[in-house]
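Heads up: the structure comes next, in structure tokens.
Protein chains: 2
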Amino acid sequence: MSRRMKLDVSIILQKATEIADEQGLDQLSIGLLAEKLEVRPPSLYNHLDGLNELKQKLAIQGVKKLHEYMLQAAVGRSGDDAIRAISQAYLQLVREHPGLYDASSRFPDANDQELQQAQESVVQLVLQVLDVYHLQEETAIHIVRGLRSILHGFSSIEQMGGFGLPLDINKSFSILINTFIEGIHAATKNQNLEMNN
Amino acid sequence: MSRRMKLDVSIILQKATEIADEQGLDQLSIGLLAEKLEVRPPSLYNHLDGLNELKQKLAIQGVKKLHEYMLQAAVGRSGDDAIRAISQAYLQLVREHPGLYDASSRFPDANDQELQQAQESVVQLVLQVLDVYHLQEETAIHIVRGLRSILHGFSSIEQMGGFGLPLDINKSFSILINTFIEGIHAATKNQNLEMNN
DNA sequence: TGCGAAAACTAATATAATTAGTTAAAATTG
DNA sequence: CAATTTTAACTAATTATATTAGTTTTCGCA
Chain A
1 MSRRMKLDVS IILQKATEIA DEQGLDQLSI GLLAEKLEVR PPSLYNHLDG LNELKQKLAI
61 QGVKKLHEYM LQAAVGRSGD DAIRAISQAY LQLVREHPGL YDASSRFPDA NDQELQQAQE
121 SVVQLVLQVL DVYHLQEETA IHIVRGLRSI LHGFSSIEQM GGFGLPLDIN KSFSILINTF
181 IEGIHAATKN QNLEMNN
Chain B
1 MSRRMKLDVS IILQKATEIA DEQGLDQLSI GLLAEKLEVR PPSLYNHLDG LNELKQKLAI
61 QGVKKLHEYM LQAAVGRSGD DAIRAISQAY LQLVREHPGL YDASSRFPDA NDQELQQAQE
121 SVVQLVLQVL DVYHLQEETA IHIVRGLRSI LHGFSSIEQM GGFGLPLDIN KSFSILINTF
181 IEGIHAATKN QNLEMNN
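Below, the structure is given as structure tokens:
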């Protein structure tokens, strides 16, 4: 063998992402990761503090990538169109990187600064997209929460194979998003969506 | 100590549920469970086949309990009212039994007959609630998927402490549900919710 | 009362993460 | 360019957990 394998945090993260995406986050272990990188497990500790730190870093990377996808999708679009685009981008990220996405919702430390900042940037992006509707600030936040729930819920269920029937899943998704967009319009017209509850 | 601790599967499941609800599903281990039950870890193997089977049973119990809550909420109600009630029940179950709910979406074996049947009964219940709207069968399924996404997404995010801001979470929830109900009305009127996508 | 099944136990094994302590390669500097 | 310092690998040992094997105790019942 010529020279020692050059190992660094970004290479480790990349391989960890591959494992998580291909075999599931729960299959990601120090042992398997070391094996794929052709080093002994303890070697990884020269670069990071253990499995938890690794998962935390994956989570951060996942949220950042999510933001990236959504940002890309949002440029040059506005209103309903932009909402559809960022929703589609969200779903696409989860489909392409199921393990990474999973990591981004099952992190060891919720108080991590960098993680919170990354999450916040996603929220801000959505708020920005909603700007054009001139909603009340409070209303806008409720709507961000709603959209986030929809996107996380739908993609999680799809990932776990929860939609059993053969009926077209993409159609379910676009109906759901369009339904929600209708709801935003209603909020614009100041319809009272809290009645009866 | 008088007599030997009477142990059986239902007692084990009950204690496991407590642990999962109080400390999180990931903290549930054979060791901790045995300790709480005041037996040695291997004793548990007389009643079940290991941690995976335990988690599988928890998953099934979780889905059944979810169905139970939703069924209770649905009796004597119909239409929009029934949808609000079952949604509320869903959220209530997750709040009361976060660990059990978590188990019900992170099971070891998705092909388990009993699990699938329990899941199916939840779907059937929702379809039954939707009956009164006289939707096309396909449409009804899309809507069940949508509602499920909303409920799972919202409660998961709430559980992981994902709604950072102090803004009233219950209000976000009822707005989301009401928005969705509006969408169902639109589907009733045969509005095309697939356009532009 | 004593037998057989059920259900506990102890002891041993396996797998994973992690830590301690060591060594070798690479980078830096006089 | 040789000596030294640093980095990052290694081996060996420790800890934590789940699990299995084999044994013993308890309980219900004939």
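Residue numbers (this note's numbering), protein chains in the order written: chain A, 1 to 197; chain B, 1 to 197. The beta carbon of each residue, even a glycine, is placed where N, CA and C say it ideally should be. Note that the structure is a prediction, hence the values are computed from the model and not measured.
Label residue i either buried or exposed according to how many other C-beta atoms from any shown protein chain fall within 10 Å of its C-beta, with 16 as the threshold for buried.
i, result
"residue 155 of chain B", "buried"
"residue 148 of chain A", "buried"
"residue 57 of chain A", "buried"
"residue 97 of chain B", "buried"
"residue 9 of chain A", "exposed"
"residue 40 of chain B", "exposed"
"residue 95 of chain A", "exposed"
"residue 174 of chain B", "buried"
"residue 35 of chain A", "exposed"
"residue 11 of chain B", "exposed"
"residue 61 of chain B", "buried"
"residue 45 of chain A", "exposed"
"residue 152 of chain A", "buried"
"residue 29 of chain B", "exposed"
"residue 6 of chain A", "exposed"
Which class does residue i belong to by DSSP, given the choice of helix, strand or coil?
i, result
"residue 107 of chain B", "coil"
"residue 42 of chain B", "helix"
"residue 136 of chain B", "coil"
"residue 66 of chain B", "helix"
"residue 99 of chain B", "helix"
"residue 55 of chain A", "helix"
"residue 32 of chain B", "helix"
"residue 154 of chain A", "helix"
"residue 75 of chain B", "coil"
"residue 164 of chain B", "coil"
"residue 37 of chain A", "coil"
Kindly indicate the opening and closing residues of the alpha helix (DSSP H) around residue i.
i, result
"residue 80 of chain A", "79 to 96"
"residue 28 of chain A", "No alpha helix (DSSP H) holds residue 28 of chain A; DSSP gives it neither H nor E."
"residue 47 of chain A", "Element bounds for residue 47 of chain A: n/a, residue is neither H nor E."
"residue 171 of chain A", "169 to 188"
"residue 127 of chain A", "113 to 130"
"residue 21 of chain A", "9 to 23"
Verify the contact flag: residue i, CB atom, against every heavy atom of the ligand HEM, threshold strictly below 6 Å.
i, result
"residue 48 of chain A", "No copy of the ligand HEM appears in this structure; indeed no ligand is present at all."
Checklist entry - Listed in chain order, which residues of the segment 52 to 71 of chain A have Cβ atoms closer than 8 Å to some Cβ of chain B? => result none
Item to check | Contact set between the segment 122 to 150 of chain A and chain B, restricted to residues whose Cβ is under 7 Å from the partner | outcome: 138, 141, 142, 145, 146, 148, 149, 150
Checklist entry - Which residues, in order along the segment 104 to 123 of chain A, keep a beta-carbon less than 7 Å from a beta-carbon of chain B? => result 105, 110
Item to check | Under 7 Å (Cβ pairs) to chain A, residues found in the segment 169 to 180 of chain B | outcome: 171, 172, 174, 175, 176, 178, 179, 180
Next on the checklist: Give me the subset of the segment 8 to 26 of chain A whose CB atoms are less than 9 Å from a CB atom of chain B, sorted by chain position.
Outcome noted: 26
Checklist entry - Name the residues in the segment 29 to 46 of chain B whose C-beta lies less than 9 Å from a C-beta of chain A; which are they? => result none
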